[in-house]
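For reference, the structure is listed below as structure tokens.
2 protein chains.
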Amino acid sequence: MTAPTHAGPPISGTTRLYALLGDPIAQVRAPGLLNPVLARRGADAVLVPMRVAPGDVAPVVRALRQVANLHGILVTVPHKAAVLALADRVTARARLAGSVNALRREPDGAWSADTFDGDGFVRGLVEAGHDPKGLRVCVVGAGGAGSAIAVALLDAEVAELRLVDTDPGRRDELWRRLSEAYPGRVSAATGPRLADVDLAVNATPLGLRPDDPLPFPVSGLPAHAVVADIIMKPAETALLRAAGERGLAAHPGEPMLAHQIDSYLDFFDL
Amino acid sequence: MTAPTHAGPPISGTTRLYALLGDPIAQVRAPGLLNPVLARRGADAVLVPMRVAPGDVAPVVRALRQVANLHGILVTVPHKAAVLALADRVTARARLAGSVNALRREPDGAWSADTFDGDGFVRGLVEAGHDPKGLRVCVVGAGGAGSAIAVALLDAEVAELRLVDTDPGRRDELWRRLSEAYPGRVSAATGPRLADVDLAVNATPLGLRPDDPLPFPVSGLPAHAVVADIIMKPAETALLRAAGERGLAAHPGEPMLAHQIDSYLDFFDL
Numbered sequence: 329m330t331a332p333t334h335a336g337p338p339i340s341g342t343t344r345l346y347a348l349l350g351d352p353i354a355q356v357r358a359p360g361l362l363n364p365v366l367a368r369r370g371a372d373a374v375l376v377p378m379r380v381a382p383g384d385v386a387p388v389v390r391a392l393r394q395v396a397n398l399h400g401i402l403v404t405v406p407h408k409a410a411v412l413a414l415a416d417r418v419t420a421r422a423r424l425a426g427s428v429n430a431l432r433r434e435p436d437g438a439w440s441a442d443t444f445d446g447d448g449f450v451r452g453l454v455e456a457g458h459d460p461k462g463l464r465v466c467v468v469g470a471g472g473a474g475s476a477i478a479v480a481l482l483d484a485e486v487a488e489l490r491l492v493d494t495d496p497g498r499r500d501e502l503w504r505r506l507s508e509a510y511p512g513r514v515s516a517a518t519g520p521r522l523a524d525v526d527l528a529v530n531a532t533p534l535g536l537r538p539d540d541p542l543p544f545p546v547s548g549l550p551a552h553a554v555v556a557d558i559i560m561k562p563a564e565t566a567l568l569r570a571a572g573e574r575g576l577a578a579h580p581g582e583p584m585l586a587h588q589i590d591s592y593l594d595f596f597d598l
Numbered sequence: 329m330t331a332p333t334h335a336g337p338p339i340s341g342t343t344r345l346y347a348l349l350g351d352p353i354a355q356v357r358a359p360g361l362l363n364p365v366l367a368r369r370g371a372d373a374v375l376v377p378m379r380v381a382p383g384d385v386a387p388v389v390r391a392l393r394q395v396a397n398l399h400g401i402l403v404t405v406p407h408k409a410a411v412l413a414l415a416d417r418v419t420a421r422a423r424l425a426g427s428v429n430a431l432r433r434e435p436d437g438a439w440s441a442d443t444f445d446g447d448g449f450v451r452g453l454v455e456a457g458h459d460p461k462g463l464r465v466c467v468v469g470a471g472g473a474g475s476a477i478a479v480a481l482l483d484a485e486v487a488e489l490r491l492v493d494t495d496p497g498r499r500d501e502l503w504r505r506l507s508e509a510y511p512g513r514v515s516a517a518t519g520p521r522l523a524d525v526d527l528a529v530n531a532t533p534l535g536l537r538p539d540d541p542l543p544f545p546v547s548g549l550p551a552h553a554v555v556a557d558i559i560m561k562p563a564e565t566a567l568l569r570a571a572g573e574r575g576l577a578a579h580p581g582e583p584m585l586a587h588q589i590d591s592y593l594d595f596f597d598l
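Chains G and X, in that order, give the protein sequences. This note's numbering applies: residue 329 is where the first sequence begins, and numbers increase by one. This note's numbering applies: residue 329 is where the second sequence begins, and numbers increase by one.
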């Protein structure tokens with residue numbers, strides 16, 4: 329059994345549903361974290377994982393919107409950008425990031441979307457003693473989570489943000505949006521320039537699978553640098569292990585999610 | 329809180345999903361009965377209710393088939409006939425009934441469907457001491473559950489089966505199929521002829537709402553007759569109360585579902 333030992337909430341015909349869409353899905357942590365909270369609160373609600381391939385996400389979201397007792401959707405890799413287009417309303421920060429990770433049914437029947445990835449990441453970082461204010465930061469991966477983290481780091485007043493992605497199209501599109509909103513603080517590159525950064529963030533999926541290559545080498549980082557990873561499973565990725573072996577501070581993926589659980593509960597009014 | 333107090337199974341990224349589709353949905357009992365069994369067995373699986381309007385059931389089922397960790401669908405009022413057409417394979421008894429209440433994903437990716445309503449109903453009836461063999465029976469309601477119950481009662485060797493439905497089209501369509509399979513034992517009428525029946529079954533949704541009229545009058549039934557209802561919520565419908573007040577044996581909806589829980593567990597290999 330790989331399921332957590334915490335009991336889930338009781339489920340009956342009156343239970344409100346929340347779905348978490350991702351692909352792969354086995355690694356997701358939110359159901360294991362959120363459901364015991366719902367059970368303890370006596371909320372008549374449950375979050376269930378749904379593995380949905382990228383080509384199916386639009387029809388699946390459209391269908392889930394027709395499920396009357398389904399009140400919200402969480403979104404993880406690789407759907408965070410695609411789902412933005414399926415919401416009726418999107419917050420400014422999510423539109424800037426080009427990424428959403430939560431949708432809810434509004435009282436008028438419309439679906440609104442927001443992203444809590446960046447906010448959760450920054451709050452986790454600050455709590456761990458790594459306030460990003462004034463730092464030079466390199467974010468590797470301009471996908472859904474990376475984009476949201478980039479926006480939140482700029483809002484948290486990093487001095488300089490370098491965007492790295494192997495896909496120049498999506499990297500430059502994000503760079504254009506962020507440069508307009510935060511002039512003079514954002515640059516973009518195909519490969520990481522790490523020699524003078526204070527914080528390097530892996531926001532790619534590299535590290536989910538045991539045979540993934542490192543998203544960036546830790547050898548070029550200065551001795552005071554912090555290496556952060558958004559991967560939650562395994563808790564210690566090869567990147568964080570390599571950082572630790574070099575004596576660098578390693579910040580895991582877990583706090584980003586832990587700090588989002590309260591945001592989800594607020595957003596869904598649970 | 330209307331949710332049951334039994335804890336549900338723990339839910340993580342590896343959990344297999346099962347969905348129960350109906351409209352309305354608040355009254356459904358299967359999640360409250362099945363999930364505690366799954367939790368006790370340590371099965372990494374959960375059944376969640378989904379309220380889906382009739383016009384949306386086809387796209388919703390098609391979308392759920394694309395959810396890779398969703399392995400089965402239960403179907404209740406009013407979708408049991410419509411969902412038959414959405415399965416790749418249908419058992420003979422379900423095709424005869426024109427009604428399915430369970431679909432599962434097969435190893436080859438196809439979806440197969442069966443109905444357990446009739447079997448559960450007859451087993452509950454027999455266990456309560458009302459073996460239908462040799463009886464004259466009137467089934468009121470030729471929808472999904474009524475059709476499946478009619479097939480199971482004929483398989484259980486009732487002497488005569490009268491089908492009643494206010495919709496002559498669907499009643500006669502079922503009558504034609506059943507007459508071919510069980511020649512000389514099936515008749516059809518618009519209103520119930522109850523004066524000489526041994527068992528009268530309500531298989532309509534009448535009784536779900538407090539202000540529903542009775543599906544048929546109990547005044548015309550002989551004193552030895554059994555009145556059965558498939559409505560599960562409320563446990564004592566106005567029909568069963570009226571039958572009891574007349575001194576007739578009243579058989580509630582609960583046993584039909586209770587006897588299906590094991591069938592579902594077998595069908596889904598849980």
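Note that CB positions come from ideal geometry on N, CA and C, so glycine has one too. This one's a predicted model, so the numbers in the text were calculated from it and none came from an experiment.
Through-space distance from residue j to residue i, alpha-carbon basis
{"i": "residue 401 (chain G)", "j": "residue 547 (chain G)", "result": "40 Å"}
{"i": "residue 339 (chain G)", "j": "residue 369 (chain G)", "result": "14 Å"}
{"i": "residue 603 (chain G)", "j": "residue 469 (chain G)", "result": "Any property of residue 603 (chain G) remains undetermined from this structure, which presents chain G solely from 329 to 598."}
{"i": "residue 572 (chain X)", "j": "residue 578 (chain X)", "result": "6 Å"}
{"i": "residue 540 (chain X)", "j": "residue 443 (chain X)", "result": "27 Å"}
{"i": "residue 484 (chain X)", "j": "residue 405 (chain G)", "result": "52 Å"}
{"i": "residue 431 (chain X)", "j": "residue 396 (chain X)", "result": "15 Å"}
{"i": "residue 462 (chain G)", "j": "residue 419 (chain G)", "result": "26 Å"}
{"i": "residue 531 (chain X)", "j": "residue 588 (chain G)", "result": "47 Å"}
{"i": "residue 598 (chain X)", "j": "residue 371 (chain X)", "result": "7 Å"}
{"i": "residue 458 (chain X)", "j": "residue 494 (chain X)", "result": "27 Å"}
{"i": "residue 550 (chain X)", "j": "residue 522 (chain X)", "result": "8 Å"}
{"i": "residue 475 (chain G)", "j": "residue 382 (chain X)", "result": "40 Å"}
{"i": "residue 586 (chain G)", "j": "residue 423 (chain G)", "result": "23 Å"}
{"i": "residue 321 (chain X)", "j": "residue 385 (chain X)", "result": "Here chain X comprises residues numbered 329 to 598, so residue 321 (chain X) is not present and cannot be evaluated."}
{"i": "residue 487 (chain X)", "j": "residue 464 (chain X)", "result": "6 Å"}
{"i": "residue 440 (chain G)", "j": "residue 433 (chain X)", "result": "32 Å"}
{"i": "residue 575 (chain X)", "j": "residue 501 (chain X)", "result": "35 Å"}
{"i": "residue 408 (chain X)", "j": "residue 360 (chain G)", "result": "33 Å"}
C-beta neighbour in chain G for residue i, strict 8 Å
{"i": "residue 533 (chain X)", "result": "no"}
{"i": "residue 398 (chain X)", "result": "yes"}
{"i": "residue 345 (chain X)", "result": "yes"}
{"i": "residue 342 (chain X)", "result": "yes"}
{"i": "residue 355 (chain X)", "result": "yes"}
{"i": "residue 429 (chain X)", "result": "no"}
{"i": "residue 339 (chain X)", "result": "yes"}
{"i": "residue 360 (chain X)", "result": "yes"}
{"i": "residue 580 (chain X)", "result": "no"}
{"i": "residue 395 (chain X)", "result": "yes"}
{"i": "residue 365 (chain X)", "result": "no"}
{"i": "residue 529 (chain X)", "result": "no"}
{"i": "residue 374 (chain X)", "result": "yes"}
DSSP three-state assignment for residue i, whether helix, strand or coil
{"i": "residue 582 (chain G)", "result": "helix"}
{"i": "residue 400 (chain X)", "result": "strand"}
{"i": "residue 595 (chain X)", "result": "helix"}
{"i": "residue 572 (chain X)", "result": "helix"}
{"i": "residue 336 (chain X)", "result": "strand"}
{"i": "residue 543 (chain G)", "result": "coil"}
{"i": "residue 495 (chain G)", "result": "coil"}
{"i": "residue 448 (chain G)", "result": "helix"}
{"i": "residue 356 (chain G)", "result": "coil"}
{"i": "residue 405 (chain X)", "result": "coil"}
{"i": "residue 385 (chain G)", "result": "helix"}
Chain X contact for residue i (CB, 8 Å cutoff)
{"i": "residue 416 (chain G)", "result": "no"}
{"i": "residue 560 (chain G)", "result": "no"}
{"i": "residue 387 (chain G)", "result": "yes"}
{"i": "residue 380 (chain G)", "result": "yes"}
{"i": "residue 336 (chain G)", "result": "yes"}
{"i": "residue 597 (chain G)", "result": "no"}
{"i": "residue 377 (chain G)", "result": "yes"}
{"i": "residue 384 (chain G)", "result": "yes"}
{"i": "residue 413 (chain G)", "result": "no"}
{"i": "residue 391 (chain G)", "result": "yes"}
Nearest-angstrom Cβ-Cβ length linking residue i and residue j, presumed shorter than 8 Å
{"i": "residue 388 (chain G)", "j": "residue 349 (chain G)", "result": "7 Å"}
{"i": "residue 394 (chain G)", "j": "residue 380 (chain X)", "result": "6 Å"}
{"i": "residue 466 (chain G)", "j": "residue 490 (chain G)", "result": "4 Å"}
Min CB distance residue i to chain A below 8 Å
{"i": "residue 487 (chain X)", "result": "The structure shown contains no chain A; the protein chains it does contain are G and X."}
**OP:** Report yes or no: do the stretch 407-415 of chain X and the stretch 447-456 of chain X share at least 3 C-beta pairs separated by less than 8 Å?
**Re:** The stretch 407-415 of chain X, when compared against the stretch 447-456 of chain X, does not touch it at the 8 Å Cβ threshold.
Original post:
Should the stretch 558-566 of chain X be regarded as contacting the stretch 424-439 of chain X, the criterion being three or more beta carbon pairs within less than 8 Å?
Top reply: Because the criterion of three Cβ pairs below 8 Å is not met, the stretch 558-566 of chain X and the stretch 424-439 of chain X do not touch.
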